[in-house]
Structure formats: structure tokens, C-alpha cells
Amino acid sequence: MAIGKKPIVVEQIRKTRMAEFLSKGRRLSGRGLLDYRPIKIETGLIEKASGSAKVSIGNTQVIAGVKVEMGTPFPDTPDQGLLIVNTEVLPISSRNAEPGPPSEDAIELARVVDRGIRESKMIDLKKLCLLPGKKVLAVFIDVSVLDIDGNLFDTISYACTAALATAKIRKYDVANEEVKATEEMVPLPIRTTPISVTMARIEDVLIVDPDLEEEALMDARLTLASDHDDNICAGQKGCPGGFTVEQIMQARDTALVKGKENRDLLKREIGLA
Amino acid sequence: MPGVTRKYVVPGELIVDGKYRLGANVYANQDKVYSTRVGLAEISRGEVRVIPLSGVYIPRVDDFVIGKITDYSAFAWEVDIASCFLAFLPAQSVFGRDYSPAQDSMLDRFKVGDLIAAKIAAFDRTRDPLVSVSGPGLGLINKGEIVKIMSTKVPRLIGKKGSMIKTVEAGTGCRLSIGQNGLIVVMGPPEGIAKALETIRLIEQEAHTADLTQKVEALLAESGGA
Numbered sequence: 001m002a003i004g005k006k007p008i009v010v011e012q013i014r015k016t017r018m019a020e021f022l023s024k025g026r027r028l029s030g031r032g033l034l035d036y037r038p039i040k041i042e043t044g045l046i047e048k049a050s051g052s053a054k055v056s057i058g059n060t061q062v063i064a065g066v067k068v069e070m071g072t073p074f075p076d077t078p079d080q081g082l083l084i085v086n087t088e089v090l091p092i093s094s095r096n097a098e099p100g101p102p103s104e105d106a107i108e109l110a111r112v113v114d115r116g117i118r119e120s121k122m123i124d125l126k127k128l129c130l131l132p133g134k135k136v137l138a139v140f141i142d143v144s145v146l147d148i149d150g151n152l153f154d155t156i157s158y159a160c161t162a163a164l165a166t167a168k169i170r171k172y173d174v175a176n177e178e179v180k181a182t183e184e185m186v187p188l189p190i191r192t193t194p195i196s197v198t199m200a201r202i203e204d205v206l207i208v209d210p211d212l213e214e215e216a217l218m219d220a221r222l223t224l225a226s227d228h229d230d231n232i233c234a235g236q237k238g239c240p241g242g243f244t245v246e247q248i249m250q251a252r253d254t255a256l257v258k259g260k261e262n263r264d265l266l267k268r269e270i271g272l273a
Numbered sequence: 274m275p276g277v278t279r280k281y282v283v284p285g286e287l288i289v290d291g292k293y294r295l296g297a298n299v300y301a302n303q304d305k306v307y308s309t310r311v312g313l314a315e316i317s318r319g320e321v322r323v324i325p326l327s328g329v330y331i332p333r334v335d336d337f338v339i340g341k342i343t344d345y346s347a348f349a350w351e352v353d354i355a356s357c358f359l360a361f362l363p364a365q366s367v368f369g370r371d372y373s374p375a376q377d378s379m380l381d382r383f384k385v386g387d388l389i390a391a392k393i394a395a396f397d398r399t400r401d402p403l404v405s406v407s408g409p410g411l412g413l414i415n416k417g418e419i420v421k422i423m424s425t426k427v428p429r430l431i432g433k434k435g436s437m438i439k440t441v442e443a444g445t446g447c448r449l450s451i452g453q454n455g456l457i458v459v460m461g462p463p464e465g466i467a468k469a470l471e472t473i474r475l476i477e478q479e480a481h482t483a484d485l486t487q488k489v490e491a492l493l494a495e496s497g498g499a
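For the protein sequence lines, the chains are V and D, in the order given.
Position one of the first sequence corresponds to residue 1 (my numbering), numbered consecutively onward.
Position one of the second sequence corresponds to residue 274 (my numbering), numbered consecutively onward.
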């Protein structure tokens, strides 16, 4: 994946070694094929945001903030609140990242993470409706990528989930077609905890949580998000290569198993479990 | 070493007051010598210099470096030498003066992703550095394990007249190619490589400490016993 202007070039001798290691079921970093790097989650770092989280998976690090404002609904969904995810890859995150308009890959990040949250129905958007067709609450999630070492999809996804799950918003009272903000703070209407799991295929081997080097060498990428009832609710495939049916099935099983592990970890870290 | 005073300094800190020769990473103002880097200041035999604790590699002519081919055009390869500068390897220096893009295929020599052992051929800070692969021991590196350390730690890894390299090579049975830019290629048996990488990491982390040699020897002796 090329977040910046130039693709990352991996040394030929590293490529050879990686192929050698993967064929033996090992990875260059010493991890197992289906092992995540250590995941660290901190919440409530940004005082002025409704909710925030900083998540790191290995050396990859992102920070997410949630802001809730009043807005008008889209004409086709007059009774639903708005959810907008925006990611920014900061120039400090990598020597390949540059300031300026986001690259295609950076836009994909926000789209995939948005889809995971939206399609799992993590937030009950209908409960964010104040006056149908006129006033709803809009949830903005802004993500800044601080450090890139592969698997931004999951890192951003966990950061958004953690920030939303711990967010506190003002309670609004609706009476006689009028909306009044109260002093009371309430959590967002959370229904489930979506967790995405990103897998990469290198040759015939499927690995989870690819690091930067593995991402540069992967033939195909698959991100699957599941909710707490083990429903796969969103997916995104990347890179030119494809998957066989068996590989997709294996990826689905992995996504559910790893998803559950990471969901439990995330809930424990943010104090929900 | 007798007659050497060392102390940690930050940029702009006064190191010493008096007539001294100025070494690397210092500047003087009316006989007061200040540091320009965060590092270890050394005052010995009338000279003041600062060994930086961190920093990127700044090319110097004739430095031995290890680089990665990242791209090529009709006339030169682009070489990543782990610096803030991108180096170029002109095709003419590989194929000879009569190089012609129509006849010679650059891909026959180096492909994107290849590692090369090279020498800095020219660099004057106004243009990107040029590297050369003509010379003994230079050219394509096609085996071994690559590891990167901070370029400021390279002198400690090499040691006085190569003493540290010899210690590590003897202790692990590996051969080390150390680029001044902090890239190192380790060649040898797999167990030896693992041990060598561990030792290199230790040297990088503890480069500024005084009893480094003892620590390295202790680590290498551990492997001998196991």
C-alpha cells in the first residue's frame, strides 16, 4: 500500500527470507501467522471532544476524536442521525507521507472504517433524530494517523470504536417542535461493538495484522468487520491479487475468532466488560 | 583515555572556554566553544568535538555505504542510503563511458529492491550524492540479513581499528558489512546471524556507555556456553 507518493520498496533479500519464513509458517517478526502485535488503547485523552481514543497496534498509532453537533438529516433518511468519518494521514506519520490532499489509499481508510461502524449498526442512528426531517445529531469522527507501520484499517477502526463507545454527549429535550439542550450527559446509543480484522495473502499464506513490510509484499488484502453476534457486517478487499473460495472461508473464520479476541480486549481496555 | 574529559551537552551549551581546535558539531564565539548537537562532548589534546547521540546520516566522500535501489531512469539508479539525501548511481559508472541506453539494459545489473555495497563518489551538499560500485568489495549484495542502526552509532560498532567488528565476528562466526549510513549486512549461519543481530542491537542501545566492550563480550560468551 502506498500511503505517500512513493511505494515502499522492500529489499530483495528480505523478500526471499520472508517467502522462506512464511512457507515454514513463521513470520520475519517472530509472530505466528495469526498473531496480532500488542494492542494498546487509551481513551478520554482529548478534553474538548465528546469522546477520544488513542490506539496503537505495534508501532502503528492513531488518535481519534468524536464531536457531536446539531445538523439537518439527508432527505432520503429524514429520521436518522448523521455519521461522518474522516481520516488524515499526518506527514509526521511516515517519511513517505506528504502534506496535501489525501491519497486514494488514505480515503479508502475512512470509507472502510465508516462502513464497519455504519453497517454493523453500532450507533442507533434513529435515536439521534430529534425532529424528523429537520433536526438530527451529527456524529463526526476525526482520525489522525500518527505513526504508520502497517494495518491502519484495524488501528483506525479500533480507535473509532473505542472513542464512540466512551463518548458522552449532551441530552436533548424535545418539546413542541423545539429542541433544548440539557446539562445532563449521556452516552451515545451504542448497540454493538464492531471489530475489523485485516488479513493479507502473501503467495498462498494468509496472515493477520500485516506490518509495513508485509503490506508492501502482499498479493491481496481483505478486511472483514464483525459485530458481537458474529455477523460479518462489512468487508473490503484490496490489492490486485485475488482469493480462492477456501481462502475466503478461512478468512471469515479467522475474522470471527480474532474479532472476538480483540473485541474482548477492547472492551476490557475501555472498561465496558 | 588519559587527558580526555567528557560530558553530555545540548545544542547551544557552553562546552569549554579557551583556545581549542574545533572538531565536529561545535562552534566557537570569542574563544567560547558551544555544542550544536545533543551528545557527548570530548575535550582532548587541544581539540573539542561532540559525538551526537542521534541523527541522520550525512554523506561524506569515500564513505562505504549500503544502499537500496528504489527506482531507475535511463541514466541512473536511485539509491536509498538511509539519509535525508537520495543518492544516485550513474549508469556510466557501471557500464563505462560508452554507456548507451539503447544497447545496455540497466535491469541486467540492478533491479528495484536490490541491495548494493557502494562508495560515496561525490557530494557537496548542493546536489544529491553520487555513489559508485567500482572497487573491491562493492556491488550487489545477494545474501545475508539487513539491519539498520543509527548512523551515529557506527563508530562504536566498528571500534578502534575495527576491534569491535572483530569481537562480534569472532563471537558469532558471521561476517559484517557495515555501511557508514547505519545499514549493516550480516552473513553467516542462521544461529550466528541471530546472535549478531542481538549484539548489534545492544551496541546501538549502549553505544554511549563506557563499559560497552565488556557487555558485548559477556553477551557473546553467553551464546558460547549455551
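By construction, the Cβ of each residue, glycine as well, lies at the ideal position given by its N, Cα and C atoms.
| message | Let's see if you can read the secondary structure: which residues bound the beta strand (DSSP E) around residue 140(V)? | response | From DSSP, the beta strand (DSSP E) with residue 140(V) extends over 135-147.
| Mind pulling the alpha helix (DSSP H) runs of 4 or more residues that sit fully within the stretch 379-407 of chain D? | none
Anyone know if the C-beta pair for residue 445(D) and residue 486(D) falls short of 8 Å? no
Q. By the criterion of Cβ-Cβ separation under 8 Å, what are the contact partners of residue 388(D) in chain V?
A. 11, 12 and 13
Open item on the list: Output needed for residue 494(D): all residues of its chain with C-beta closer than 7 Å, excluding positions within five of it in sequence on either side, in chain order.
Closed with: none
- Query: Quick one: what's got a C-beta closer than 8 Å to residue 229(V)'s C-beta in the same chain, skipping five residues either side?
  - Reply: 192
What distance in whole Å lies between the Cβ atoms of residue 65(V) and residue 196(V), which are believed to be in contact at a cut-off of 8 Å? Contact flag wrong, Cβ pair sits at about 19 Å.
Open item on the list: Cβ closer than 8 Å: which chain V residues qualify as neighbours of residue 419(D)?
Closed with: 11, 13 and 14
| field | Interface residues of chain V facing residue 352(D) [CB-CB closer than 7 Å] | value | The contacting residues do not exist; residue 352(D) stays about 11 Å from chain V at best.
inquiry  = Does the structure place the stretch 175-188 of chain V close enough to the stretch 85-103 of chain V that three or more beta carbon pairs sit under 8 Å?
reply    = no
Q) Which residues, in order along the stretch 322-356 of chain D, keep a beta-carbon less than 9 Å from a beta-carbon of chain V? A) 341, 342, 343, 344 and 353
### Query
Does the stretch 393-407 of chain D come close enough to the stretch 423-434 of chain D that 3 or more CB-CB pairs lie under 8 Å?
no
**Message:** What does the alpha-carbon distance come out to for the pair residue 499(D) and residue 204(V)?
**Reply:** Here residue 499(D) scores only 44 on pLDDT, less than 50, and its place in the model should not be relied on; the value that follows carries that caveat. Near 36 Å, if we compare the C-alpha coordinates of residue 204(V) and residue 499(D).
Exercise. Helix or strand or just coil, what does DSSP make of residue 447(D)?
Worked result: coil
Residues in its own chain within less than 8 Å of residue 72(V) by CB, not counting five upstream and five downstream?
134, 135 and 136
Check: Under a Cβ-count criterion, where at least 16 other Cβ atoms within 10 Å of its own Cβ denotes burial, should residue 415(D) be classed as buried or exposed?
Finding: exposed
For the beta strand (DSSP E) that contains residue 460(D), what are its first and last residues?
Annotation for residue 460(D): the continuous beta strand (DSSP E) segment containing it runs 456-460.
**Q.** Separation of residue 341(D) from residue 389(D), as counted between CA atoms
**A.** 6 Å
Would you mind working out which of 303(D), 327(D) and 314(D) sits nearest residue 454(D), comparing C-alpha positions? 327(D)
**Q.** Close beta carbons around residue 290(D), own chain, < 7 Å, minus the five adjacent residues each side
**A.** 304 and 305
(message) Let's see if you can read the secondary structure: which residues bound the alpha helix (DSSP H) around residue 19(V)?
(response) 12-23
| According to DSSP, is residue 266(V) helix, strand or coil? | helix
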